[in-house]
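Here is the structure we will look at.
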Amino acid sequence: MRPDPRTGLNDAELLSYNTVRIMAESADESVSVGTGFVYEFRSSKQLPILALVTNRHVIDNAQTVKLVFHQGKNNKVDFEAEKLAFIITQFQEGVYKHPNPNIDLAFIPLGNIFTKFTQNGGMPFVSVFTRKNLPKDEEWKELTALEQVVIVGYPDGIWDSVNNLPILKRGVTATHPKVDFQGQPKFLIDAAIYPGSSGSPVFLYEWKEVMLGQDLNLGKDKPRLAGILSSVYLHRQKGVMESVPIPTKRNEVPIMDVPNNLGVVIKSTELDGFIPLIDERIEKDRETQKQQ
Numbered sequence: 202m203r204p205d206p207r208t209g210l211n212d213a214e215l216l217s218y219n220t221v222r223i224m225a226e227s228a229d230e231s232v233s234v235g236t237g238f239v240y241e242f243r244s245s246k247q248l249p250i251l252a253l254v255t256n257r258h259v260i261d262n263a264q265t266v267k268l269v270f271h272q273g274k275n276n277k278v279d280f281e282a283e284k285l286a287f288i289i290t291q292f293q294e295g296v297y298k299h300p301n302p303n304i305d306l307a308f309i310p311l312g313n314i315f316t317k318f319t320q321n322g323g324m325p326f327v328s329v330f331t332r333k334n335l336p337k338d339e340e341w342k343e344l345t346a347l348e349q350v351v352i353v354g355y356p357d358g359i360w361d362s363v364n365n366l367p368i369l370k371r372g373v374t375a376t377h378p379k380v381d382f383q384g385q386p387k388f389l390i391d392a393a394i395y396p397g398s399s400g401s402p403v404f405l406y407e408w409k410e411v412m413l414g415q416d417l418n419l420g421k422d423k424p425r426l427a428g429i430l431s432s433v434y435l436h437r438q439k440g441v442m443e444s445v446p447i448p449t450k451r452n453e454v455p456i457m458d459v460p461n462n463l464g465v466v467i468k469s470t471e472l473d474g475f476i477p478l479i480d481e482r483i484e485k486d487r488e489t490q491k492q493q
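When the sequence shown is numbered by the working numbering, its final residue is 493 and no position is left out of the sequence of numbers.
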């Protein structure tokens, strides 16, 4: 598996440096954990907006949020440097929420956060995914009903706290990813889903070993951001099956509810729904600057 010449990381390792553990504290001082991933939006005029994407329900009631980033040096991870922690207060003021209330997505702009890091001598390192990392139209059409996926996040709040690294888990699609599940831009995956997984990016990624004559060709598909994990089906003793947001607090999960390993994934194409909000915010900022 060849490493990226710029970062020194291979494709699988880049997935580990794309997510950020979100610790959200609400007004009652309860703390919940979720997953965010770094994504660069482009406005309709191609202005880049670096953002941390997660589920809306992860941060809806948050008053403060703590994020921890890696430090970088010469475009590579600086493993020896201290991690960069940032606490956001008055949190709700800068959050973008998806305009469709049925799409459980939101994002936190990272531009000002990274600027403050650099002003204080820090250099955050993240692997950034863009629209180019989503499946192309022809790739969506070629997908089968059973595809291997990788879920990156912090299930049950578990992570490598020393190295600030997430947990990578494998699963498979449980419904056809190119078909809208129940008429919504979503699909199901078969994987163990636990609290802390909310907002986890779901990648189509399969390592392939192919024999070509006498040689072993280590080929692979590039990771494609297929969607964002948002909820999980629970089986309750009453015999009722329902989809609920993945809990972010371990103490909120009733012990009588049994996850049946079916997660609901919002298709990554829904990220484009933020673009009108981004355009509107950019225009407002320009008007404000003119008045100053």
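Virtual Cβ for every residue (Gly too), placed ideally from N, Cα, C. Only a predicted model underlies this, so the values are computations on that prediction, with no experimental measurement involved.
Buried or exposed by the 16-neighbour rule on C-beta atoms within 10 Å, applied to residue i
i, result
"R371", "exposed"
"A252", "buried"
"I359", "exposed"
"I288", "exposed"
"E481", "exposed"
"D305", "buried"
"K337", "exposed"
Coarse secondary structure for residue i, derived from DSSP in three states
i, result
"D261", "coil"
"R332", "helix"
"D381", "coil"
"N462", "strand"
"P300", "coil"
"S244", "coil"
"I483", "helix"
"L369", "strand"
"L311", "coil"
For residue j and residue i, the rounded distance between their alpha carbons
i, j, result
"I476", "F242", "8 Å"
"Y434", "N461", "6 Å"
"D361", "I368", "8 Å"
"T319", "S398", "30 Å"
"A225", "V232", "6 Å"
"N392", "G464", "The question names Asn, but residue 392 in the sequence shown is Ala. Their backbone Cα atoms lie some 7 Å apart in a straight line."
"H271", "D486", "30 Å"
"N211", "L366", "15 Å"
"P386", "E471", "8 Å"
According to DSSP, residues forming a beta bridge with residue i
i, result
"D279", "Note: D279 sits in no beta bridge, so no partner."
"K491", "Answer is none; K491 lacks a bridge partner."
"S432", "P446 and V465"
"S227", "A263"
"I288", "K267"
"D361", "L366"
Beta carbon proximity, residue i to chain D, threshold 8 Å
i, result
"F475", "Among the chains of the structure shown, chain D does not appear; only one protein chain is present."
Decide yes or no for the touch test of the region 307–326 against the region 281–298: beta carbon pairs closer than 8 Å, at least 3 of them.
yes
Check whether the region 229–248 and the region 349–359 touch, using three or more Cβ-Cβ pairs below 8 Å as the test.
yes
Below 8 Å, can you find three or more Cβ-Cβ pairs linking the region 423–434 to the region 263–270?
no
At a cut of 8 Å, does the region 206–224 reach the region 389–406 through at least three beta carbon pairs?
yes
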